[in-house]
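Protein chains in written order, with our numbering: chain H, 1 to 304; chain B, 1 to 304; chain F, 1 to 304; chain U, 1 to 304.
The beta-carbon is built from N, C-alpha and C at its ideal position, and this holds for glycine as well.
To keep things clear, I will list the structure first and then write my remarks on it.
Protein chains: 4
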Amino acid sequence: MDYTKILNKINKEVKPYFGKGKVASYIPALANVDPNKFGISIQCIDGKEYHLGDSHEPFSIQSISKVFTLADVFYQIGSKLWTRVGREPSSNQFNSLIELEIDNGIPRNPFINAGALVITDMICEQQVGPKLHILNYIRKLCHNPNIEYNEEVAESEAQNGFRNAALANFLKSCDNLKQPIDQVLDTYFKQCSIEMSCADLSHACLFLANNGKTLNDTREILSFRQTKKVNSLMMICGLYNEVGNFAWRVGLPGKSGVGGGIVAVVPGKLVITVWAPELNQNGNSFVGIKALELFTTLTKRSIF
Amino acid sequence: MDYTKILNKINKEVKPYFGKGKVASYIPALANVDPNKFGISIQCIDGKEYHLGDSHEPFSIQSISKVFTLADVFYQIGSKLWTRVGREPSSNQFNSLIELEIDNGIPRNPFINAGALVITDMICEQQVGPKLHILNYIRKLCHNPNIEYNEEVAESEAQNGFRNAALANFLKSCDNLKQPIDQVLDTYFKQCSIEMSCADLSHACLFLANNGKTLNDTREILSFRQTKKVNSLMMICGLYNEVGNFAWRVGLPGKSGVGGGIVAVVPGKLVITVWAPELNQNGNSFVGIKALELFTTLTKRSIF
Amino acid sequence: MDYTKILNKINKEVKPYFGKGKVASYIPALANVDPNKFGISIQCIDGKEYHLGDSHEPFSIQSISKVFTLADVFYQIGSKLWTRVGREPSSNQFNSLIELEIDNGIPRNPFINAGALVITDMICEQQVGPKLHILNYIRKLCHNPNIEYNEEVAESEAQNGFRNAALANFLKSCDNLKQPIDQVLDTYFKQCSIEMSCADLSHACLFLANNGKTLNDTREILSFRQTKKVNSLMMICGLYNEVGNFAWRVGLPGKSGVGGGIVAVVPGKLVITVWAPELNQNGNSFVGIKALELFTTLTKRSIF
Amino acid sequence: MDYTKILNKINKEVKPYFGKGKVASYIPALANVDPNKFGISIQCIDGKEYHLGDSHEPFSIQSISKVFTLADVFYQIGSKLWTRVGREPSSNQFNSLIELEIDNGIPRNPFINAGALVITDMICEQQVGPKLHILNYIRKLCHNPNIEYNEEVAESEAQNGFRNAALANFLKSCDNLKQPIDQVLDTYFKQCSIEMSCADLSHACLFLANNGKTLNDTREILSFRQTKKVNSLMMICGLYNEVGNFAWRVGLPGKSGVGGGIVAVVPGKLVITVWAPELNQNGNSFVGIKALELFTTLTKRSIF
């Protein structure tokens, strides 16, 4: 399938949807992003690529980084990971402490902040230099050695990170954070500040559509079964408390970030990444969801 | 693909899993079911069928009936249905009132009891004889005119139905139940008491794998897009508060009932129904989930 | 102490507080009450009485009736009552199901609706004619044989009583309602519809200020210790989710009703009843709380 | 009234209640306390004192310190304090984050940990040396210049204080903590580590029974009205999620600490402090509550 026409069609049809969401404003570095940015990149498992708009401009990947840290830890330590994190959807906000307290410090899933902090803690346990480790892991995945943290964003996050610090301290009080809180938070804020383009993200996530393998080599990022399971998690928990709506409208496993990016996977076919900074009230890209909805409607590529 | 060998393999491998769950005991008619019953039926969209064990013995479909009433109402009244019911997962038990009160009487989704009562209420609004209507709808779907309510089960449910009556009264207090409570509850208890075999259920649900169409005619049960959306709902909400676990282990849209049945859909391919009465702590068939996990593992038919 | 001047002072000072609350509107019989009604009656244990304004006009006592049914049951069956109802404050609305579900059907206290329904159920268990029994109990307490149910109010409550029916059904599902739901609800709606004046209520509740005894005879309504305990319950749970505010501003055990009445007790001294139909957002009399606050400020009769 | 006989009677009657609770074990300094310690001190407003057992041995006052910091701040800044803290009971544990999140960072009352942290933050805002300030405030109240922090306890609390750090960070994220988190936590852990005897505590709290004044001078600690209000708060919120039980059994305003101390106030009469280290499941002194129950039963000094 040639996706060029489809991307052009999407480009036209999403126009009226700009101006209806709000760019994340909790830190200056995000608040100052041009709300009209819009990019899409498709990476197919046969190697073909399709790009539209600002698809090569790096943006703050934020929570999309949780996919990478999860994949890394899951491959390293396997199923015992799930003694410390659940796999069920959360019905609270992504940074809520309510369910965490009810569940005695076991985060509902690895994509809410509490769960992601536990995953990052596991990386800190295993790696001498966890921050560089994460960066290198992602660089390799997308074959782009220039991927970097945005120090200013990480610094801003840290200065405003009281809610995440509350989560980390709560986890620690339940003995579900093993490394020093400051180290885990520092690593977490750094991973969220990583900047990647739509193209980078589609390259990096291709293994999720390709049975766990990268495109140009036979390197295994996840096993065949692990890949399916990570996709299932993205489907069930990838868009915070809007997973039902995303499954309904788009019908693909996906992961969003407050930078306005969404990565979605068509298993066995392709990865598509959208970037549009304006967010809806759930913290997901307003135009991004619309673009992905158009994509599966036009291509009939929903997994359902 | 010839599924005969696979069914035989599953049959062997599930043996050690019997005796670990508990048959539903809240009404005698369910409590007295033989816990060792086990059946599987696969219905493919090319017309092929595969059956194993007690696949032609009728059992109480219970909550699986919610798929049929939802499909019926969704096709009749379309998207305005969603002003009265949500499409997000619930993190409480299937019969909980907590989220319903927090959400001011809008059930989180149509597969928890509160949501199913609203759907049944809509049928009661539209149909003169809602109970016969539902029966005929299902009979037609599975080409089996002998499908019947089990009056004894319905009667038992009604006598022990205080929790559902609490839900119905709460919905009514929020003006989200339009017909008389007694009528809605009576219809609901009847629909849950319907008895079908694995074969019946796989026949009846084939439209979910077949773009909304039945097998042997061109009759549209749901539109192409509606079909995908109902599948997405089953994925996100079909197994109560175990949707993450089911997506993780099985990777298919599915709907379970406390009678021990689970229907799962491989979009574009087939429907598979399992029956094993012993339930896990979440009220889903213990052996049934294992059997379906084996099915997608052996066939690689997970949608992820 | 001569309370005449104090009542006159209160009368003057509450004037600016009218028009700021809202008369209960969920049933016509309450919605049509003149919002400017205002009465106070003080009954002292030495027999002196003080009255102001509309103090002899009957109004709907609503939840104040819960004090009478509790006292009756507590005296009859004693402490075993507390196996079915708690004695802690509720932090949800008076008609909430959330805590009831969390606590497996044991209401947090006897003054929220769920708890009052259990108390009424106990009366229905013990008495052949529970409705007449309650009426006679209250008539005797206030030496007024003309106290009656308002059938129209009871009927309206029943027709709009879905929320209470939800509570009753939930309690039944937890086996914490023994008599038929319809009987308990009918009795409950009737008790809430009873009409009494401020004078009647101060007479009837005098035993709470008088160590459990009525004024003119030596009849024991509650034992000395039971009386203190019921007062403590009113302090901790008598004004729904405004108990802290009431303790802070008024500093007396009290019980309110959506008819706009509040009964407050100065142990060892007197009972004071206020009636002003406009309610604040918590369902308590807006002017009534102000009047009682003035009373304890001017008389220094707070128990603290 | 001569309380000597009554104290002796209590001493005899509480014997069988030892060994049924558990000494606080979350830090070694508390875990090593002798569980059989038992002391009572009564300080009357007429200057008489009564002491029993280990009434002059200092112990860790823990949450009882919250009464002192509240009184101090309330007298300094008055009612505007209540824009940052509520006055209603909490139905969660004393260190819960659930209600705090639901209420957007406004603690339910000043006696749960979150509320106490806000009060301590206010002291940190006002005072150059908040820790010394608190110490001096208490020293003056009880006329004992030897009152000290226990540095070891404070250090242990700090090392295990992740839950309080979670609360502080959450408050900060809601902008309801103005000073640096570390300073507020350090001050809070210090105030909780203060050691006082029953006699010290009864001396120090006498103003609560004496209309806001200390015994031997005319110094005003709180105004007449403020005193009543602080007593009302202790009644409604002083024993965590056991306030109903304490009101029921004891019938006095009180404040407990996990060191095993409880201070209770008979307004206009006396203050009674009990110390017995074994705690019930709610974190309140098991024997202490029994002793106070006996006290009000034998003296009829309940406020109800």
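Quick one: is residue i near chain B, going by C-beta distance under 7 Å?
i	result
Ala-71 (chain F)	no
Trp-82 (chain H)	no
Leu-97 (chain F)	yes
Gly-238 (chain H)	no
CA-CA distance, residue i and residue j?
i	j	result
Tyr-3 (chain F)	Tyr-50 (chain F)	7 Å
Ala-166 (chain H)	Glu-101 (chain U)	11 Å
Ile-106 (chain F)	Thr-120 (chain U)	37 Å
Cys-124 (chain U)	Gln-179 (chain U)	7 Å
Asp-182 (chain U)	Ser-25 (chain B)	55 Å
Phe-38 (chain B)	Gly-53 (chain B)	6 Å
Thr-227 (chain F)	Asn-211 (chain F)	6 Å
Glu-220 (chain B)	Lys-213 (chain B)	5 Å
Val-287 (chain H)	Gly-257 (chain H)	13 Å
Gly-261 (chain H)	Lys-290 (chain H)	12 Å
Val-23 (chain H)	Gly-259 (chain H)	8 Å
Phe-224 (chain B)	Pro-16 (chain H)	26 Å
Any beta carbon from chain C within less than 7 Å of residue i's own beta carbon?
i	result
Ser-173 (chain F)	The structure shown contains no chain C; the protein chains it does contain are H, B, F and U.
Just verifying my parser: in three-state terms, what is the DSSP assignment at residue i?
i	result
Ile-42 (chain F)	strand
Val-23 (chain B)	strand
Gly-257 (chain F)	coil
Val-266 (chain B)	strand
Lys-178 (chain F)	coil
Met-234 (chain H)	helix
Val-271 (chain H)	strand
Lys-131 (chain B)	helix
Met-1 (chain F)	coil
Leu-215 (chain B)	coil
Ser-60 (chain B)	strand
With C-beta atoms as the reference, is residue i less than 7 Å away from residue j?
i	j	result
Thr-273 (chain H)	Leu-201 (chain H)	yes
Ser-156 (chain H)	Ala-264 (chain H)	no
Ile-303 (chain B)	Ile-303 (chain H)	yes
Ser-193 (chain B)	Val-153 (chain B)	yes
Thr-187 (chain F)	Pro-130 (chain F)	yes
Asn-241 (chain F)	Gly-21 (chain F)	no
Leu-206 (chain F)	Val-271 (chain F)	yes
Val-128 (chain H)	Pro-110 (chain H)	no
Ser-60 (chain F)	Ile-40 (chain F)	no
Val-73 (chain F)	Lys-255 (chain F)	no
Ala-247 (chain H)	Ser-232 (chain B)	yes
Asn-169 (chain B)	Val-118 (chain B)	no
Cys-44 (chain U)	Asn-104 (chain U)	no
For chain U, find out if any of its Cβ atoms is closer than 7 Å to the Cβ of residue i; answer yes or no.
i	result
Glu-88 (chain F)	yes
Asn-169 (chain H)	yes
Phe-68 (chain H)	no
Glu-101 (chain H)	yes
Hey, does residue i have any beta-carbon neighbour from chain H nearer than 7 Å?
i	result
Phe-348 (chain U)	The requested residue 348 (chain U) does not occur in the structure, where chain U is confined to residues 1 to 304.
Gly-244 (chain B)	yes
Phe-74 (chain B)	no
Ala-166 (chain U)	yes
Give a yes or no on whether the minimum CB-CB distance between residue i and chain F is below 7 Å.
i	result
Lys-22 (chain U)	no
Arg-163 (chain B)	yes
Ser-60 (chain U)	no
Lys-290 (chain U)	no
Ala-29 (chain U)	no
* Asked: At a cut of 8 Å, does the stretch 134-149 of chain F reach the stretch 130-141 of chain B through at least three beta carbon pairs?
  -> no
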